[in-house]
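Residue 152 in the working numbering sits at position 129 of the sequence shown; the count goes up by one each step and never skips.
No residue lacks a Cβ here, since even glycine has one placed at the ideal position from N, Cα and C.
Data first, discussion second: the structure below is written as structure tokens.
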Amino acid sequence: MSEIIAPTPRFQALDPDYANRVRGCFEGQALMATLGASLSRLEPGFVDLAFGYRPEFTQQNGFIHAGVVTALVDTACGLAAHTLMPAGTDVLSVEFKLNLLRPAAGARFLARGRVIKPGNTLLITQGELHAWASSVAADDGHDEGQLVAIMQATMIRR
Numbered sequence: 024m025s026e027i028i029a030p031t032p033r034f035q036a037l038d039p040d041y042a043n044r045v046r047g048c049f050e051g052q053a054l055m056a057t058l059g060a061s062l063s064r065l066e067p068g069f070v071d072l073a074f075g076y077r078p079e080f081t082q083q084n085g086f087i088h089a090g091v092v093t094a095l096v097d098t099a100c101g102l103a104a105h106t107l108m109p110a111g112t113d114v115l116s117v118e119f120k121l122n123l124l125r126p127a128a129g130a131r132f133l134a135r136g137r138v139i140k141p142g143n144t145l146l147i148t149q150g151e152l153h154a155w156a157s158s159v160a161a162d163d164g165h166d167e168g169q170l171v172a173i174m175q176a177t178m179i180r181r
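So this is what it looks like as structure tokens:
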């Protein structure tokens, strides 16, 4: 993940079964299923969602629509926050700011969410969307793709 701010520390999950709980939350989101997004990274405080280009989610110039970008990054941030919640709780977005840095053009995309500061009620998160022209990932794991959007979001424990 790009280091826009200081690196995030590693977190301890409060719920030993957090991964199954967060997977269930993701799988229960009809929008993510409609978009064809998949959960590609899941650890305490961090979530990555993979998404492939589909023409039905573009705007008039052929780029992925900003609403889709927003939904993907917001979901990654929310799920990252959800990894740090105790069992029986959930999170909701209460505020976010998205900067679109370039058009969302590419064959594949990765929405990354991470917790910056977990609190008892509010959690501050950061998200990014990266794009790659190729639908196949590089083998070396160092290709960060093009940074398309950045988000700062606040989640509330519910």
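Which of the three DSSP states is assigned to residue 88 in this structure?
In the structure shown, residue 88 sits in coil (DSSP, three-state: anything other than H, G, I, E or B).
Among 181, 58 and 158, whose alpha-carbon lies nearest the alpha-carbon of residue 90?
Answer by Cα proximity: 58.
How many angstroms separate the CA atom of residue 26 from the CA atom of residue 53?
Low local confidence applies: a pLDDT of 49 at residue 26 is under 50, so the model's placement there is unreliable, with the coordinate-based value given in what follows. C-alpha separation (whole angstroms): 31 Å.
Kindly indicate which three-state DSSP category residue 94 falls into: helix, strand or coil?
In this structure, residue 94 counts as helix in the three-state DSSP scheme.
Could you give the residue range of the beta strand (DSSP E) that holds residue 144?
For residue 144, there is no enclosing beta strand (DSSP E), as DSSP gives it neither H nor E.
From the DSSP output, read off the bridge partner residues of residue 173.
Under the DSSP definition of a beta bridge, residue 173 partners with 122 and 151.
Identify which residue in 34, 42, 69 and 44 has its Cα closest to the Cα of residue 96.
Nearest in C-alpha terms to residue 96, of all of 34, 42, 69 and 44, is 69.
In the DSSP output, what is residue 66 paired with across the bridge?
Residue pairing by DSSP places residue 66 opposite 69 in a beta bridge.
Within this structure, are the beta carbons of residue 128 and residue 157 separated by less than 9 Å?
At a Cβ-Cβ threshold of 9 Å, residue 128 and residue 157 do not count as neighbours.
Whole-angstrom distance between residue 62 and residue 149, CA atom to CA atom
Roughly 17 Å separates the two Cα atoms.
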